Structures are given as C-alpha cells and as structure tokens.
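Participant: Here's a structure for you.
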Amino acid sequence: MPILGRPVSDPFTGFHPTFLVGTGHRLSLPSNLCGQIATGAAFMTVSLLQVQDLVKSFPSRHGTHPVRAVDGVSFTLSRGETLGLVGESGCGKSTLARLVLKLMPVSDGSISVEGHDVTSMPDSIFRDWRKRIQMIFQDPYSTLNPRHSLRRIFQEVFETHCIPTPEGIENRIMKLLADVGLGEVDLSKLPHEFSGGQLQRIGIAKTLALDPDLIVADEPTSALDPSIQAQILNLMLKIRRERGVAFLLISHDLEVVGHLADRIAVMYLGRIVEEGPASEILTSPAHPYTMALLSASPTLADIRMGRDQRIRLQGDPPNPANVPDGCRFHPRCQHAMDICRRQDPQFTSIAEGRRCACHFWAEGGKAA
1 MPILGRPVSD PFTGFHPTFL VGTGHRLSLP SNLCGQIATG AAFMTVSLLQ VQDLVKSFPS
61 RHGTHPVRAV DGVSFTLSRG ETLGLVGESG CGKSTLARLV LKLMPVSDGS ISVEGHDVTS
121 MPDSIFRDWR KRIQMIFQDP YSTLNPRHSL RRIFQEVFET HCIPTPEGIE NRIMKLLADV
181 GLGEVDLSKL PHEFSGGQLQ RIGIAKTLAL DPDLIVADEP TSALDPSIQA QILNLMLKIR
241 RERGVAFLLI SHDLEVVGHL ADRIAVMYLG RIVEEGPASE ILTSPAHPYT MALLSASPTL
301 ADIRMGRDQR IRLQGDPPNP ANVPDGCRFH PRCQHAMDIC RRQDPQFTSI AEGRRCACHF
361 WAEGGKAA
C-alpha cells in the first residue's frame with residue numbers, strides 16, 4: 001500500500017510538493033503542508049455543498065428488501081476545502097459521488113449547492129450548475145475518444161459547453177496543459193500514446209477547462225505507480241492552492257487522503273461512521289473501523305522490528321442486502337459488546353468538529 005513520506009519536486013509542473021509516495025513509512029503531517037492548506041482558509045467561509053440524509057436504494061436481486069448503497073449520509077463542504085471520503089470497496093462512497101454529480105437519481109434526502117436544492121432540478125436547468133461540479137475519474141482513458149487527438153478533445157470541451165475563449169481556443173488549451181505539466185508537443189497525440197500519469201493529468205485539465213468550484217475525485221491515483229501517485233496528488237494540492245477549488249476526494253487509502261484533506265469522513269456499509277479534522281482522525285481515531293484502516297499502514301520501525309501492529313478484521317463486509325442488527329460493524333469488530341448487537345449507535349458529536357457512531361467509544365473504550 002502506498003504511504004506518503006519525504007518531499008520531492010514534481011518534474012512536470014515544478015511545484016514543490018509536500019510528500020512522496022513510497023513504502024514502509026508511517027504518515028506524518030509535515031508543517032509545510034499545514035501552511036499550504038492554510039492558504040486556502042480564506043475560501044472556507046461559504047458553504048458550497050450540503051448533503052442531508054442522502055439515501056440511494058437499489059432493487060434486490062431476490063425482490064425482497066431494497067439495498068441501501070447510501071443510507072442517510074449528511075455532510076457539508078466549504079469553498080476551497082477538501083473532504084476525504086474513505087472506506088473499503090462496496091461501502092457506497094463511489095455511489096455517493098455519483099449522486100452529488102446527479103449522475104443517478106436520489107432515493108431520499110437532499111443535495112444543495114450554495115443553498116440551492118438541486119436534488120430534483122431538471123437536467124435542462126442543472127446543466128449550468130454541472131459546469132461548477134466536475135469529476136476526476138479513476139480511469140481517465142475511458143473518458144477520452146481514442147480516435148481524437150488531444151487538441152480535438154479539448155476543442156470539443158469548449159464547444160460542447162459553449163465556453164468563451166477570448167484569447168483563442170489554442171492559447172486556452174496550451175495554458176491548461178501547462179498547468180498540468182504537459183505541452184505543445186502533446187497536442188497531436190492520441191490517448192493511447194500517453195502514460196497513465198499523463199492521462200490523469202489530461203483528465204484534470206479537462207475539469208479545469210470548466211473552471212469548477214468543486215472537483216469530485218474518485219480514486220484518482222489508485223491505478224498509478226507509487227511515484228506517479230505522488231505527482232498527481234501534488235498537482236491536486238497545487239490546483240487547490242492556486243484556484244481555491246474544493247475537493248471531495250474518494251479513496252480506500254486513509255493515508256493518501258490524509259495528506260490532502262482538511263476533514264476525513266470514514267464510510268462503512270452505506271453510512272459515515274466517523275468524521276473530523278484530518279489531523280485528529282489520523283492521530284487519534286475513535287471508531288474501531290478507522291483504527292483498522294490506519295493500522296493497515298505499518299511504521300518503518302514496526303517493519304524493522306518484525307512487529308505486526310495491524311488490526312485484522314474478522315471476515316468480509318456484510319451483504320448490504322442483509323444488514324446485521326445493531327451496529328453494522330459489530331460482526332467484524334474485536335471490541336463488540338452486547339449493546340452493539342442490539343442497538344444501532346447514533347452518529348453524535350464527540351468533540352468540537354468530530355462525530356462518531358460507536359458504542360465502544362461511548363462506553364469509554366472499555367469492552368464489557
């Protein structure tokens with residue numbers, strides 16, 4: 001699993017990043033990262049996105065109870081802020097991203113952008129809003145026409161969305177490419193001629209063409225080599241610092257998210273089970289599931305000493321079509337108590353800016 005550690009410069013953009021993806025190094029939050037994140041603090045005054053009690057249900061294969069892929073999720077995102085959404089595959093985080101982008105209908109709950117409820121807004125009206133909310137996909141190649149040159153791909157973006165280009169389309173394209181570390185020599189190339197990292201840079205440049213307020217990044221680095229992951233993450237940090245763009249960063253890797261996020265929300269089986277400032281979640285997690293995710297990244301000292309500090313969860317995640325009674329995590333939790341099997345924990349405030357849904361934490365962390 002890629003872990004972030006020492007600084008390295010991005011050879012494409014010249015931006016001096018705050019971290020390098022490597023292996024065997026426990027995450028630390030360097031002081032220079034905190035300074036760069038503080039640069040965006042001025043943007044964090046307006047609530048850009050508000051998700052309230054969001055639900056997405058799918059019909060069950062057997063026609064019994066519907067499957068709730070997203071089950072009562074609520075959060076807010078301010079301008080210039082980065083919220084990291086973390087969880088295992090199948091927890092509902094990618095479905096949540098598609099709901100925010102209105103790529104699928106909502107079953108219940110609401111989505112508001114700057115106070116405007118867009119949940120049931122017709123596509124004809126939402127079209128203008130969609131320009132402000134863009135997505136970086138895990139597989140950028142799938143979003144590109146394999147028969148079109150890079151120049152033609154960007155020309156279509158401007159033409160489709162009727163984006164004014166007073167400086168000329170060619171000059172606008174060149175500026176976008178320069179922002180992501182690409183150049184004029186790349187304009188005539190076809191998608192298959194680019195590396196995975198370059199394709200992701202192209203995907204990022206396409207989102208920037210629309211000058212969005214929010215970028216939803218769904219596992220943007222998971223398919224890349226570790227060193228390339230660092231370059232893409234650094235590029236995202238540069239974009240946020242220079243443009244004040246908000247990010248909803250979705251990943252299975254809590255360590256990677258921690259280096260970009262101001263806040264982290266941990267999702268399990270359709271629900272957020274813990275949320276709070278990134279530095280606090282990473283250093284003092286409250287929910288046993290968050291603890292298990294963090295323990296998946298051993299420290300260098302642990303490796304050298306042969307220590308295995310990983311919390312090994314019991315079994316696989318439950319079937320979303322047959323959610324267990326009580327706490328959804330209790331069948332896999334080493335701290336499960338009797339109340340966990342009977343009663344669903346409330347998602348409540350445990351400190352300023354922090355929320356958690358856990359009976360074990362509420363009982364003082366002492367198993368009965």
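20 is the number that full-length UniProt numbering gives to position 20 of the sequence shown; each next residue is one higher, with no gaps.
All C-beta atoms, glycine included, are put in the ideal place defined by N, C-alpha and C.
Please read all numbers here as calculations on a predicted model, not as lab measurements.
If you draw a straight line from the C-alpha of CYS34 to the C-alpha of LEU101, how long is it?
Facilitator: The residue labelled residue 34 in the question sits at position 34 within the sequence shown. The residue labelled residue 101 in the question sits at position 101 within the sequence shown. No answer about CYS34 holds up, because its pLDDT of 38 lies below 50 and its placement is not dependable.
Participant: Three-state secondary structure (DSSP) at GLN52?
Facilitator: Walking along the sequence shown from the start, residue 52 turns up at place 52. DSSP places GLN52 in strand when its eight states are reduced to three.
Participant: Measuring CB to CB, does HIS252 end up less than 8 angstroms from VAL86?
Facilitator: For the purposes of this step, residue 252 is taken as residue 252 along the sequence shown, with counting starting at 1. For the purposes of this step, residue 86 is taken as residue 86 along the sequence shown, with counting starting at 1. Yes.
Participant: Counting along the chain, where does the beta strand (DSSP E) carrying MET267 start and finish?
Facilitator: Numbered from 1 along the sequence shown, position 267 holds the residue referred to as residue 267. 263-268 is the span of the beta strand (DSSP E), which, as asked, contains MET267.
Participant: Measure the C-alpha to C-alpha separation of VAL157 and GLN231 and round it to an integer number of angstroms.
Facilitator: Here residue 157 refers to the residue found at position 157 when the sequence shown is read from its first residue. Here residue 231 refers to the residue found at position 231 when the sequence shown is read from its first residue. Answer to the nearest angstrom: the Cα atoms are 25 angstroms apart.
Participant: Just to check my reading of the structure: LEU235 and ILE204 have Cβ atoms closer than 8 angstroms, yes? What is that Cβ distance to the nearest angstrom?
Facilitator: Position 235 of the sequence shown, counting from 1, holds the residue named residue 235. Position 204 of the sequence shown, counting from 1, holds the residue named residue 204. The pair is a contact, with the Cβ atoms about 6 angstroms apart (cut-off 8 angstroms).
Participant: Give the straight-line distance between the Cα atoms of ALA42 and ARG263, rounded to the nearest whole angstrom.
Facilitator: On the sequence shown, position 42 is the one that residue 42 refers to. On the sequence shown, position 263 is the one that residue 263 refers to. Since pLDDT at ALA42 reaches only 43, below the 50 mark, its modelled position is unreliable, and no value is offered.
Participant: Beta strand (DSSP E) containing PRO277: first to last residue?
Facilitator: Position 277 of the sequence shown holds residue 277. Looking at the DSSP string, the run of the beta strand (DSSP E) that includes PRO277 is 271-277.
Participant: Between PHE360, PHE247, HIS330, which has its C-alpha nearest GLY80's C-alpha?
Facilitator: Sequence index remark: in the sequence shown, residue 80 carries index 80 (1-based). GLY80 has its Cα closest to that of PHE247, out of PHE360, PHE247, HIS330.
Participant: Are there three or more Cβ pairs, one per stretch, closer than 8 angstroms when the region 203-222 is compared with the region 127-138?
Facilitator: Judged by Cβ distances under 8 angstroms, the region 203-222 makes contact with the region 127-138, as three or more pairs qualify.
Participant: Taking the C-alpha atoms as reference points, what is the distance between GLY197 and PRO320?
Facilitator: As a position in the sequence shown, residue 197 is number 197, starting the count at 1. As a position in the sequence shown, residue 320 is number 320, starting the count at 1. Near 34 angstroms, if we compare the C-alpha coordinates of PRO320 and GLY197.
Participant: Starting from the C-beta of ARG341, find all residues in its chain whose C-beta is less than 6 angstroms away, skip the five residues before and the five after it, and write them out in chain order.
Facilitator: To locate residue 341, count along the sequence shown from 1; it is residue 341. Taken in chain order, the residues that qualify are GLY326, HIS330.
Participant: Beta carbon of PRO146, beta carbon of PRO191: below 8 angstroms?
Facilitator: One-based indexing of the sequence shown puts residue 146 at position 146. One-based indexing of the sequence shown puts residue 191 at position 191. Yes; because the gap between Cβ atoms is below 8 angstroms, this pair is in contact.
Participant: Please state whether DSSP places PHE137 in a helix, a strand or coil.
Facilitator: Here residue 137 corresponds to residue number 137 of the sequence shown, with the count starting at 1. Here PHE137 sits in coil by DSSP.
Participant: Excluding the 5 residues flanking ILE169 on each side, which residues of the same chain have their C-beta closer than 8 angstroms to its C-beta?
Facilitator: The residue given as residue 169 occupies position 169 in the sequence shown. Excluding residues within five positions, the ones whose Cβ falls inside 8 angstroms are PHE154, GLN155, PHE158.
Participant: What is the rounded straight-line gap between the Cα of PRO30 and the Cα of SER60?
Facilitator: Within the sequence shown, the letter at position 30 stands for residue 30. Within the sequence shown, the letter at position 60 stands for residue 60. With a pLDDT of 37 at PRO30, under the threshold of 50, the modelled position of that residue is not reliable, and the figure given next carries that caveat. Using only the alpha carbons, I get a separation of about 46 angstroms.
Participant: Is it buried or exposed for MET104, if we count other Cβ within 10 angstroms and need 16 for buried?
Facilitator: Sequence index remark: in the sequence shown, residue 104 carries index 104 (1-based). Exposed: under 16 other Cβ atoms inside 10 Å.
Participant: Would DSSP call HIS116 helix, strand or coil?
Facilitator: One-based indexing of the sequence shown puts residue 116 at position 116. Three-state DSSP puts HIS116 in a strand.
Participant: Can you give me the C-alpha to C-alpha distance between LYS175 and ASP186, rounded to a whole angstrom?
Facilitator: Residue mapping note: residue 175 aligns to position 175 of the sequence shown, counting from 1. Residue mapping note: residue 186 aligns to position 186 of the sequence shown, counting from 1. Rounded to the nearest angstrom, the two C-alpha atoms are 13 angstroms apart.
Participant: In chain order, what residues of the same chain have a beta carbon less than 8 angstroms from the beta carbon of VAL245, not counting five sequence neighbours either side?
Facilitator: In the sequence shown, the residue the question calls residue 245 occupies position 245. Here the set comprises GLY80, PRO212, ASP213, LEU214, ILE215, ILE239.
Participant: Strictly by DSSP, which residues pair up with residue 369?
Facilitator: Any question about residue 369 goes unanswered here, given that the chain covers just 1 to 368.
Participant: ARG172 by DSSP, collapsed to three states: which one?
Facilitator: Reading the sequence shown from its first residue, position 172 is the one you call residue 172. Helix, per DSSP.
Participant: I want to check one thing, is the minimum distance from the CB of CYS340 to the heavy atoms of the ligand COA below 7 angstroms?
Facilitator: The model on display carries no ligand, and the ligand COA is accordingly not part of it.
Participant: Look at the Cβ atom of GLY92, then the Cβ atom of GLY270, and state whether they are nearer than 8 angstroms.
Facilitator: Translated into positions along the sequence shown, residue 92 becomes position 92. Translated into positions along the sequence shown, residue 270 becomes position 270. In contact: GLY92 and GLY270 (Cβ atoms closer than 8 angstroms).
Participant: Let me know the secondary structure DSSP gives THR207 once reduced to three states.
Facilitator: On the sequence shown, position 207 is the one that residue 207 refers to. Here THR207 sits in helix by DSSP.
Participant: When the distance is taken between beta carbons, is ASP218 closer than 8 angstroms to ILE250?
Facilitator: Taking the sequence shown and counting its residues from 1, the one referred to as residue 250 is at position 250. Taking the sequence shown and counting its residues from 1, the one referred to as residue 218 is at position 218. Taking 8 angstroms as the Cβ cut-off, ILE250 and ASP218 qualify as a contacting pair.
Participant: For THR207, does the count of other Cβ atoms within 10 angstroms reach 16, so buried, or fall short, so exposed?
Facilitator: Here residue 207 corresponds to residue number 207 of the sequence shown, with the count starting at 1. The residue is buried, with at least 16 neighbouring Cβ atoms inside 10 Å.
Participant: Could you please give the first and the last residue of the uninterrupted beta strand (DSSP E) stretch that includes ALA351?
Facilitator: Your numbering for residue 351 matches position 351 in the sequence shown. Here the beta strand (DSSP E) through ALA351 covers 348-351.
Participant: Would you report the Cα separation of GLU275 and SER78, rounded to the nearest angstrom?
Facilitator: Counting from one through the sequence shown, the residue named residue 275 turns up at place 275. Counting from one through the sequence shown, the residue named residue 78 turns up at place 78. Near 15 angstroms, if we compare the C-alpha coordinates of SER78 and GLU275.
Participant: Can you find a C-beta in chain C that's less than 8 angstroms from the C-beta of GLY196?
Facilitator: Here there is only one protein chain, and chain C is not present.
Participant: If you draw a straight line from the C-alpha of ILE111 to the C-alpha of VAL73, how long is it?
Facilitator: Numbered from 1 along the sequence shown, position 111 holds the residue referred to as residue 111. Numbered from 1 along the sequence shown, position 73 holds the residue referred to as residue 73. Those two C-alpha atoms are separated by around 11 angstroms.
Participant: Does ALA351 pass the burial test, meaning 16 or more other C-beta atoms within 10 Å, or should it be called exposed?
Facilitator: Translated into positions along the sequence shown, residue 351 becomes position 351. Its Cβ having fewer than 16 others within 10 Å, ALA351 is exposed.
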